[in-house]
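See structure below.
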Amino acid sequence: MVRVIAAVLALAFATPAFADAPIPVTLQNHRFTPNVIHVKANRPFAIHLFNKDASADEFDSSALKVEKVVSGNSDGIVRIRPLAPGKYPFMGEYHSATAQGVVIAQ
Amino acid sequence: MLATLVIVFREVIEAGLIVGIVLAATQGVPRRSLWVTYGVGGGVLGACLVAAFAGELASLFEGSGQEIFNATILLLAVCMLTWHNVWMAGHGREMARAMKAVGVEVSAGQRSLAALAIVVGVAVLREGSEVVLFLYGIASQGGTSQSAMLLGGALGLVAGAGVSALMFLGLLQIPAGKLFSVTAWLITLLAAGMAAQAVLFLQQGGYLQFLQSTLWDTSWLLSQDSIGGRLLHTLIGYSDAPNGAQLIAYLATIAIIMGLTRWEHARHPRGSQIPKPA
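Just so you know, the protein sequences line up as chains A and B, in that order. Each residue of the first sequence is one higher than the one before, counting from 1 in the working numbering. Each residue of the second sequence is one higher than the one before, counting from 1001 in the working numbering.
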């Protein structure tokens, strides 16, 4: 029993190796490049966000259900759950006037 | 200025609703404003620290430090809310009499207040650190008029506090006999929503990678981006597209709080009927 629980916990808390390499996205002058990201539907993926601006921003998307602060001149991994086909807008919450993008799952 | 106003308003409301519920839930407990003040003060301090060390925090746990941190403080709040509700189930009657007799049980109530102060602190810390980072970003850019930023921030603060105060005053309209029962339910749902949010952060951090598919999507009915959706998200953990693991965490939290509450209630047979979210 203990072994089963340990195995389940190990499974739950092991950081999984991602099948696909994270998709690099750059944030510069408060704009995302690329700002349209195509991914396969029903498959988890990750975005590797490089923030080239001096100030922090928050990669925020209620559609993707993620929020992650990335400090200025820094980078971060944003892991995203498997998506049904569709369009999922995201933004840099602190500069939402310009920092806009969309994930398209097909 | 508008951007500052919107962000500050949004974050203040999210923390303010939680403070409102805590204040309503502790009606009549001596020294509660002191504890709530501790909570807010500690939260603001913590928010500045988190904002200052955001980079260092993020790089922990192979880049998942921020997610782990968020999930941890949310789960801490869930434990504190649970503990408060269970404590209330056993001591509701003393609470009702608290105004008259400041006895041993009421001083034990200070411990429950300390738990809720932690909840307040966590709420302020989470929302506050985002505000600090955002304002710091704007301020460091120069260019943008600083006074406009200050004005926007101040207006957002006032508006957010105003809405939270309205909700608190609304709760106070509930007859005293039913107030604790209502706040017990609110706290239960608040805790359940926080647990579900913690699961989301853990998944985002690369953990709990199961049952991740969206169960249903009600964004056509009530989007989580709308004001109503945001309020419900904070209050009862509304999600327009939850996944399986989140739902399990949500329901399990409710079941655990209800179970513990009943058990504690049964241990105090002469206790009051008041705080029973069941």
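Backbone N, C-alpha and C define an ideal beta-carbon position, used for all residues, glycine too.
Problem - 7 Å Cβ cut-off: residues of chain A touching S1140(B) - result: Those are A54, S55, listed as they occur along chain A.
Exercise for the section: Starting from the beta carbon of I77(A), find every residue of chain B whose beta carbon is closer than 7 Å, and list them in chain order. Expected result: G1063
Problem - Residue-level contact to chain B via CB, P82(A), 9 Å cutoff - result: yes
Practice task
Could you tell me whether any Cβ in chain B is nearer than 9 Å to the Cβ of A99(A)?
Solution key: Chain B places no beta carbon closer than 9 Å to that of A99(A), leaving this residue out of the contacts.
Practice task
Take the Cβ of V36(A) as the centre, count every other Cβ of all protein chains shown within 10 Å, and call the residue buried at 16 or more, exposed below.
Solution key: The residue is exposed, with fewer than 16 neighbouring Cβ atoms inside 10 Å.
Exercise for the section: Give the interface partners of P44(A) over in chain B, defined as CB-CB distance under 8 Å, in chain order. Expected result: Q1209, Q1212
Exercise for the section: Classify G1103(B) as buried or exposed, calling it buried when 16 or more other Cβ atoms lie within 10 Å of its own Cβ. Expected result: Its pLDDT being 49, under 50, G1103(B) is placed unreliably in this model, and the value from its coordinates should be taken loosely. By the neighbour-count rule (16 or more Cβ atoms within 10 Å), G1103(B) is not buried but exposed.
Exercise for the section: Measure the Cβ-Cβ separation of G92(A) and F59(A) and say whether it is below 9 Å. Expected result: For G92(A) and F59(A), yes; Cβs fall inside 9 Å.
Exercise for the section: Determine, using beta carbons only, whether F50(A) and V25(A) come nearer to each other than 9 Å. Expected result: For the pair F50(A) and V25(A), the CB atoms are nearer than the 9 Å cut-off.
Problem - Cα-Cα separation, M1099(B) to I80(A) - result: Low confidence applies to M1099(B): its pLDDT is 47, below 50, so where it sits in the model is not reliable enough to give any reading.
Practice task
Please look up how many angstroms separate the CB atoms of L1222(B) and L1247(B), rounded, as I've assumed it's under 8 Å.
Solution key: That belief does not hold up - the Cβ atoms of L1222(B) and L1247(B) are roughly 17 Å apart, past 8 Å.
Handout entry: Neighbour list for A1003(B) in chain A, Cβ cutoff strictly below 9 Å
Key = What A1003(B) touches in chain A: Y94, H95, S96, A97.
Handout entry: Positions along the segment 24–40 of chain A whose CB lies within less than 7 Å of some CB in chain B
Key = none
Problem - Own chain partners of V1040(B) with C-beta closer than 8 Å, once the 5 adjacent residues on each side are dropped - result: V1019, V1120, G1121, V1124
Practice task
Classify S1145(B) as helix, strand or coil using the three-state DSSP reduction.
Solution key: coil
Exercise for the section: Using a Cβ cut-off of 7 Å, pull out every chain A residue sitting near F1134(B), in sequence order please. Expected result: Y94
Practice task
Tell me where the beta strand (DSSP E) around T33(A) begins and ends.
Solution key: 31–33
Problem - Cβ-based neighbour list, L1171(B), same chain, cut-off 6 Å, excluding 5 preceding and 5 following - result: Within the same chain, A1024 come within 6 Å of L1171(B) by CB-CB distance, once the 5 residues on both sides are set aside.
Practice task
At 9 Å on the CB atoms, spell out the chain B contacts of K68(A), in chain order.
Solution key: Ordered by position in chain B, the residues that pass the 9 Å Cβ test against K68(A) are A1058, Q1066, E1067, Q1204.
Problem - Terminal residues of the alpha helix (DSSP H) in which Q1173(B) lies - result: Q1173(B) -> no alpha helix (DSSP H), and no H or E assigned at all.
Handout entry: Whether E1011(B) touches G1160(B) by CB criterion (9 Å)
Key = yes
Problem - Coarse secondary structure for G1153(B), derived from DSSP in three states - result: helix
Problem - Cutoff 9 Å: L1049(B) Cβ touching any chain A Cβ - result: At a cut-off of 9 Å, the C-beta of L1049(B) has no neighbouring C-beta in chain A.
Problem - Ordered list of alpha helix (DSSP H) runs contained in the segment 1115–1144 of chain B, each at least 4 residues - result: Listed in chain order, nothing qualifies, since the segment 1115–1144 of chain B has no complete alpha helix (DSSP H) run of 4 or more residues.
Exercise for the section: Name the one or two DSSP bridge partners that D60(A) has. Expected result: As a beta-bridge residue in DSSP terms, D60(A) pairs with E67(A), M91(A).
Practice task
Look up N73(A) in the DSSP assignment and say whether it is helix, strand or coil.
Solution key: Here DSSP, grouped into helix, strand and coil, assigns N73(A) to coil.
Exercise for the section: Check whether the Cβ atoms of G1152(B) and A1003(B) sit closer than 9 Å, and answer yes or no. Expected result: yes
Practice task
Report the three-state DSSP secondary structure of G1237(B) (helix, strand or coil).
Solution key: coil
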